[in-house]
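Numbering (this note's numbering), first residue to last: 5 to 484.
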């Protein structure tokens, strides 16, 4: 079920009304959330409900066993069982055919043709997200950071919570599970803030991302026939498409959760205003970046030790991050490229240099900050080409054409005039994000404006979103 669908517009008010009618019973609220989440997820394909139920049941039981086990060896064995089951499910559905084809390709390169055959496997929506979420629970129980719960319904609601089930944020048990277990009271101010965030999320998705997709798809799909400047324009459009699409989903998910009395972790913090790559990764897909840091990077030794350890650990988490995004070598190279950007910063010890928002307390950034933002954004745009390309050869051909002598010509592609209109819209959006960069989301500041100004802004956003609804597309991260 898509957020931007008629079915969801009917589904959400019904669940909301029932949920708060059960306000005196946390158990009934959690039961409703679980049922609603399974309906929401099963709307795509009911056959995949068995997978999420299996992952939920396995980690619920293992969490209890870990908490009661006395010997460290037994606890560690249970943890590895959880990791094996979850990664096994994820690996089969997402990577089986990828590894088979890569294996065949490697042997063909050596002159040994193999035909192992591939399976017709359908990738379950959101499997990478809920798999990592349940894994965080068993790991944190093993570490003693959270207590194992005996409430299976509450745990099921934690795993399957529908606003963030299929595209995050990837929640931690330490944040979400206590909220699910505790009584919840309706807070009007929090609900209003949630609705503002939902409005902003839909605007980013439908007005920015879906319109950028039109031109990005046109240029990427015809990259061999356009000049270098048009290819650059296509890459820039894709950078705003993926940002508006993914951060828009996160805003909608967080906003919806707030009207149910639940706060999810922040997932984006104005990443395109980053002054270096390290800052970008503190601001982009925060839930995944912090997941890899806490559960992979730090256990491997983090930044402790010599330079080789730092380089090794950085490469590992970025390659895993790339592979997490999809079963394609383009994602692996995308991760590798980001690691190459990141490693000089960590070796020189300046990876935590820019911790505050750019231009803090000022209307405009300094010249140094502006230069850092432009350089960082340029590097990210180049990396996004690998993320968007069909395969490795397509990515290199695209970049080769982009950095050719035609880069300085006037962009030549269809719908160029229509694209110019959207460039202006992106500019307005960009200014709005800059002015609101010190808030969780830009229009949160409207609550401090006069009533007439506030409602006029809401009306404009809703109207723009409604006018762009005809171009709606599926969220990009559903494929992950």
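A virtual CB, placed ideally from N, CA and C, is assigned to each residue, including glycine. All of these numbers come straight from a predicted model, not from anything done at the bench.
Within 10 Å of its beta-carbon, does residue i have 16 or more other beta-carbons around it, so buried, or fewer, so exposed?
i, result
"residue 54", "exposed"
"residue 295", "buried"
"residue 442", "exposed"
"residue 78", "exposed"
"residue 305", "exposed"
"residue 406", "buried"
"residue 472", "buried"
"residue 245", "buried"
"residue 355", "buried"
"residue 352", "exposed"
"residue 311", "exposed"
"residue 225", "exposed"
"residue 414", "exposed"
"residue 283", "buried"
"residue 456", "exposed"
"residue 75", "exposed"
"residue 417", "buried"
"residue 23", "buried"
Within this structure, are the beta carbons of residue i and residue j separated by less than 9 Å?
i, j, result
"residue 262", "residue 175", "no"
"residue 410", "residue 238", "no"
"residue 320", "residue 300", "yes"
"residue 38", "residue 164", "yes"
"residue 209", "residue 248", "yes"
"residue 206", "residue 7", "yes"
"residue 270", "residue 278", "no"
"residue 166", "residue 45", "yes"
"residue 223", "residue 230", "yes"
"residue 255", "residue 201", "yes"
"residue 142", "residue 82", "yes"
"residue 138", "residue 185", "no"
"residue 136", "residue 292", "yes"
"residue 146", "residue 56", "no"
"residue 426", "residue 215", "yes"
"residue 40", "residue 12", "no"
"residue 90", "residue 62", "yes"
"residue 188", "residue 33", "yes"
"residue 253", "residue 437", "no"
"residue 401", "residue 132", "no"
Since residue i contacts residue j with CB under 8 Å, what's their CB separation in whole angstroms?
i, j, result
"residue 338", "residue 396", "Actually they are not in contact, since the Cβ atoms of residue 338 and residue 396 sit about 10 Å apart, beyond 8 Å."
"residue 127", "residue 97", "6 Å"
"residue 217", "residue 477", "6 Å"
"residue 190", "residue 28", "That pair is no contact at about 12 Å."
"residue 350", "residue 314", "5 Å"
"residue 220", "residue 242", "4 Å"
"residue 204", "residue 17", "No, residue 204 and residue 17 are not in contact; Cβ-Cβ is about 20 Å, not under 8 Å."
"residue 342", "residue 281", "7 Å"
"residue 389", "residue 374", "Wrong, their Cβ atoms sit about 24 Å apart, outside the cutoff."
Any heavy atom of the ligand PLP closer than 8 Å to the CB of residue i?
i, result
"residue 272", "Looking for the ligand PLP in the displayed structure turns up nothing, as the structure carries no ligands at all."
Open item on the list: For a minimum of 4 consecutive residues, which ranges assigned as the alpha helix (DSSP H) are wholly contained in the region 259 to 320?
Closed with: 281 to 287, 290 to 296
- [ ] Scan the region 199 to 258 and note each continuous alpha helix (DSSP H) run of 4 residues or more that stays entirely inside, going in chain order.
- [x] 214 to 225
- [ ] Go through the region 175 to 199 residue by residue and report every complete run of the alpha helix (DSSP H) that reaches 4 residues or more, in order.
- [x] 177 to 185
TODO: Would you list, in sequence order, the uninterrupted beta strand (DSSP E) runs of no fewer than 3 residues that lie entirely inside the region 391 to 462?
DONE: none
Task: Contained alpha helix (DSSP H) runs [length at least 4] in the region 26 to 106, N- to C-terminal order - done: 30 to 46, 53 to 72
- [ ] List in chain order: all unbroken alpha helix (DSSP H) runs of 4+ residues lying wholly within the region 311 to 369.
- [x] 311 to 329, 333 to 351
Open item on the list: Going residue by residue through the region 126 to 181, where are the continuous alpha helix (DSSP H) segments of at least 4 residues, counting only ones entirely within it?
Closed with: 131 to 147, 156 to 164
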